[in-house]
Structure formats: structure tokens, C-alpha cells
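Numbers 1276 to 1481, taken from our numbering, label the letters of the sequence shown in order.
Backbone N, C-alpha and C fix where the C-beta goes; we use that ideal spot for every residue, glycine too.
Quick caveat, the model's predicted, so the values are computed rather than measured.
Encoded as C-alpha cells, the structure appears first; notes follow it.
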Amino acid sequence: MSSMPGSAGTEQTTTVIIGTGLSGLAVAAELRRRGVDSIVVDGLDVLGAAQPATASLQRCDAADPATLRERNEILRHLRNYAASHQVDVRNTTRAVQLTKVDAAPAPQWEVHTATGVLLADHIVLTRCAQSQLRRMINEFGIAVGRNLAAAMRAIGIYLVGVGELITPSPKEVLRQAKTVGLAISAKVHPAPLAPPSTGSLAMLPC
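Dropping the structure here:
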């Protein structure tokens, strides 16, 4: 595979978060608080397959005005947090393909973008149809039981804000982000950590 013109080559990070909306920023903030580096890029057009099927899924939530206000307020807090804590958010970089790299002791992931490749131990997906996720994980040769999320976690892919039929509420997204942040942090820093001191999401509106 030849590199693209103007390619910046390969960058290494601990986690690549795909999706620059509420879910992606919430996970990035959690990881930052726990001392785990991440890069946030815009959502996938192609998920390991040759059809751009996720574009129409980006705005699938028909939320009521109160939920939209809450979502926008939380998003504002998260953007401020990301800016003030140097979270690496690349709004103009779009992930176009995800490739599994078999490496010891666990697989790594290549996130291909127009400007290069991001190599990471963990991937967080924030918007995608369940059918696409199942197809993708099948293409990677992994057997999926009833629990898709558990099967993906086992290979280092985490889901936040990806609902079965409806888009999760902002509170549910924050809960999922906290859970995923804790899970990734536990793998990166196996030893018990002191409580983080770089700010908290606890002040967000309820």
C-alpha cells in the first residue's frame, strides 16, 4: 500500500476516538483526567468495508428541545475542557478506514486518514449502526455472541453513545464515557491511581 500524497506518516497514541461530538469529547475528557493520551478525529465514512454508510447516521436523534439544550450545554463544557487541557481534537481530520494489526500482547489498530495513519492500542467508536459493527467485527474474523459490545471490548474497541434503536440521552452518554475511560485507564495504568486533579465533569448540569 503506497502512502498518500502529502501523507504525514504514522503517529502513535494510546487511544483514537472516532467522532468529535458529545460522546467523543466526553471520552477524551475522561481519558485526559486519568492521564491517558488520545486523539479525537471525525467519524468514519467507511468501516472496514467499501461503502460509505455512516454519513446518514450522524444526525439520527430527534431529541426534544430540553434534551437538545442539555446536550448543547454539556457540549459547551466539554469543548472548553478540551481547549483548556490541550486535548488533541482534530475536527478536520476524518477517519476513513480501520485496520487491525496483530501485535503482541494485544492487537493494535490503524486509523487511516487523508493525512496519515494513527496507530493506537484502543479505539472508541461513537456513532455507527449495530449492523455495521457486526459486519466489521465479522470481517476481522472475530466471533460475535449476543453481546456485541463485550466482543469488541475484548479486542480493544469500545462503544459510547451507540444505541440499539435510539440515541442515548446526554446523561447516559456521560455514564458510558466514564465507564469506558475507566476501562481503558485500567489497562494503561494497572496500578491504583490517586484521584485525578485536572478538573472534573461533576460540575456539569444534571
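- In the structure shown, R1309 falls within a coil segment according to DSSP collapsed to helix, strand and coil.
- For A1395, the uninterrupted beta strand (DSSP E) run begins and ends at G1391 to L1400, by DSSP.
- Per DSSP, reduced to three states, the secondary structure at T1454 is helical.
- If one requires a minimum length of 3 residues, the beta strand (DSSP E) runs lying completely within the segment 1364 to 1394 are 1383 to 1388, in chain order.
- Annotation for G1456: V1302, E1305, L1306 and R1309 place their beta carbon closer than 7 Å to its own, counting only its chain and skipping 5 residues before and after.
- With respect to the 8 Å criterion, T1401 and G1296 are classified as neighbours on the basis of their beta carbons.
- The Cβ neighbour count for L1343, taken over all protein chains shown within 10 Å, is under 16; the residue is labelled exposed.
- Residue state for I1314 is assigned as strand, using DSSP reduced to three classes.
- Within the same chain, V1291, W1384 and I1432 come within 6 Å of I1398 by CB-CB distance, once the 5 residues on both sides are set aside.
- In chain order, G1318, T1401 and R1402 place their CB closer than 6 Å to the CB of G1294, counting only its own chain and leaving out the 5 sequence neighbours on each side.
- Excluding sequence positions up to five before and after Q1287, its CB lies within less than 6 Å of the CB of L1394, all in the same chain and listed in chain order.
- For the pair V1419 and N1413, the Cα-to-Cα distance works out to about 7 Å.
- Cβ atoms of L1300 and A1357 come within 8 Å of each other, at about 6 Å.
- For L1319, no alpha helix (DSSP H) segment is defined, and its DSSP state is neither H nor E.
- The Cβ atoms of V1315 and D1363 lie closer than 8 Å to each other.
- For the 8 Å CB-CB criterion, I1430 and P1382 form a contact.
- In summary, V1376 is exposed, with fewer than 16 beta-carbon neighbours lying within 10 Å of its beta-carbon over all protein chains present.
- One Cα belongs to F1415, the other to P1340, and the distance between them is close to 40 Å.
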